[in-house]
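Peer 1: Structure provided below as structure tokens; questions to follow.
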Amino acid sequence: MLSVISYPVFGFSIILSLVLSVSLFPVDYFELRPEWLGLMVFYWTFRAPAQFGILMAWCLGLLLDVLEATPLGVNALAMGLIAFLVLTVHQRLRMFPMPQQCLMVFLLLGINQMLVQFIKQTLGADNTGFEYLWPALTGALVWPVLCVVLDNLNRKLG
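Residues 268 to 425 in my numbering are what the sequence shown spells out, letter by letter.
This is the structure we're talking about:
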């Protein structure tokens with residue numbers, strides 16, 4: 268757990284993740300784009316559970332719903348679920364080595380993607396198979412780099 272949280276790093280990382288979530292991406296690789304906001308919710312809930320919780324994750328999910336023009340509350344529910352699950356295991360997560368943390372990121376982002384896909388299919392979206400899990404896998408691969416970069420920025424600016 269970080270002792271001091273740099274609020275400018277917090278704000279910038281959240282804004283950057285929202286921009287990356289709706290930014291243009293090559294059509295052929297669109298399903299490989301990591302779930303950026305889910306990664307940020309995971310990181311900040313993991314590193315600063317007292318400052319970043321379920322309500323903040325839910326509000327950011329609502330903002331993502333508005334930005335992506337998805338049914339209101341779909342991403343909010345998923346981000347709140349990520350924050351809740353991270354809060355329940357964050358004490359143990361701190362002791363995990365990086366490969367196990369990557370596995371946890373994959374599992375939680377996968378649960379996020381499954382929940383969003385389930386709600387979208389309930390509302391009438393097409394069935395895409397298991398392709399919706401690619402963002403969870405790429406998010407788990409990005410996690411070590413993201414974690415190191417944000418930890419270093421937090422230490423320098425915090």
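Ideal Cβ positions, reconstructed from N, Cα and C, are used throughout, including at glycine.
Pair every Cβ in the stretch 391-398 with every Cβ in the stretch 347-362, then say whether three or more of these pairs are closer than 8 Å.
Peer 2: Verdict: no, contact absent.
Peer 1: Residue range of the alpha helix (DSSP H) that F277 falls in?
Peer 2: Here the alpha helix (DSSP H) through F277 covers Y274 to V289.
Peer 1: Looking at the secondary structure, which residues open and close the alpha helix (DSSP H) in which L374 lies?
Peer 2: Taken as a continuous stretch (DSSP letters only), the alpha helix (DSSP H) holding L374 covers M365 to T389.
Peer 1: Quick test of the definition: if touching needs 3 or more C-beta pairs under 8 Å, does the stretch 275-289 touch the stretch 307-317?
Peer 2: Judged by Cβ distances under 8 Å, the stretch 275-289 makes contact with the stretch 307-317, as three or more pairs qualify.
Peer 1: Taking the alpha-carbon positions, what's the R300 to A407 distance?
Peer 2: Approximately 11 Å between the Cα atoms of the pair.
Peer 1: Is it a yes or a no for the stretch 286-301 touching the stretch 310-326, going by three-plus beta-carbon pairs under 8 Å?
Peer 2: No: the two stretches stay apart, fewer than three of their Cβ pairs being nearer than 8 Å.
Peer 1: Exposed or buried, which one is N419 when buried takes at least 16 other CB atoms within 10 Å?
Peer 2: Exposed, because fewer than 16 other Cβ atoms sit within 10 Å of the Cβ of N419.
Peer 1: Determine whether the beta carbon atoms of L329 and A343 lie at a separation below 9 Å.
Peer 2: It is a contact, given that the beta carbons lie within the stated cut-off.
Peer 1: With the cut-off set at 9 Å, would you say L424 and R314 are in Cβ contact?
Peer 2: Not a contact, by the Cβ cut-off of 9 Å.
Peer 1: Within 9 Å of any Cβ in chain B, is that where the Cβ of L334 sits?
Peer 2: Chain labels in this structure do not include chain B; a single protein chain is all it has.
Peer 1: By how many angstroms is the C-alpha of F351 removed from the C-alpha of A392?
Peer 2: Approximately 27 Å between the Cα atoms of the pair.
Peer 1: If you drop the 5 nearest sequence neighbours on each side, which residues of the same chain put their C-beta closer than 8 Å to that of E335?
Peer 2: Here the set comprises S288, V289 and N342.
Peer 1: Return the chain-ordered list of same chain residues with a C-beta closer than 8 Å to the C-beta of L370, the five sequence neighbours on each side being excluded.
Peer 2: A407.
Peer 1: Could you pull the start and end residues of the alpha helix (DSSP H) that A345 belongs to?
Peer 2: Unbroken alpha helix (DSSP H) run through A345: V341 to L360.
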